[in-house]
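Enquirer: Just so we're aligned, residue 4 is where the sequence shown starts under our numbering, counting upward by one.
All C-beta atoms in this analysis are idealised placements derived from N, C-alpha and C, irrespective of residue type, glycine included.
This one's a predicted model, so the numbers in the text were calculated from it and none came from an experiment.
There's a structure below that I have some questions on.
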Amino acid sequence: MPPRTYLLSRTLDPVLGAFTGVFAYYLNETNPRTAPPPGHTLKELVSWRWTESKQLREAREKEELEEWEKVTRQLGVVTEPAATQAVDAKI
Numbered sequence: 004m005p006p007r008t009y010l011l012s013r014t015l016d017p018v019l020g021a022f023t024g025v026f027a028y029y030l031n032e033t034n035p036r037t038a039p040p041p042g043h044t045l046k047e048l049v050s051w052r053w054t055e056s057k058q059l060r061e062a063r064e065k066e067e068l069e070e071w072e073k074v075t076r077q078l079g080v081v082t083e084p085a086a087t088q089a090v091d092a093k094i
């Protein structure tokens, strides 16, 4: 097996690669010729996707909670908040 070849050193090559990638991204986003149109920068796209996934997650959790409450009502199970309120009313 031939020895591995490094450009600078074993630890500096990955750092150089990461720096080059970040610098290329920065130049691409800020250069007037290659800059994306307003609303299409990586920061705005990630923010939009984050908000969208948060809304989907909240809707899914709300739907699951409604389904859980429906099941507990059908079974006649007292949920924790109602049990706590009943105990507080007796005190």
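In this structure, does DSSP put Y9 in helix, strand or coil?
Expert: Counting from 1 along the sequence shown, the entry for residue 9 is found at position 6. Here Y9 sits in coil by DSSP.
Enquirer: In chain order, what residues of the same chain have a beta carbon less than 7 Å from the beta carbon of T44, not counting five sequence neighbours either side?
Expert: Start at 1 with the first residue of the sequence shown, and residue 44 comes out as number 41. Result list for T44: E32, in chain order.
Enquirer: Quick one: give me the first and last residue of the alpha helix (DSSP H) that N34 is part of.
Expert: Within the sequence shown, residue 34 is the residue found at index 31, counting from 1. Element bounds for N34: n/a, residue is neither H nor E.
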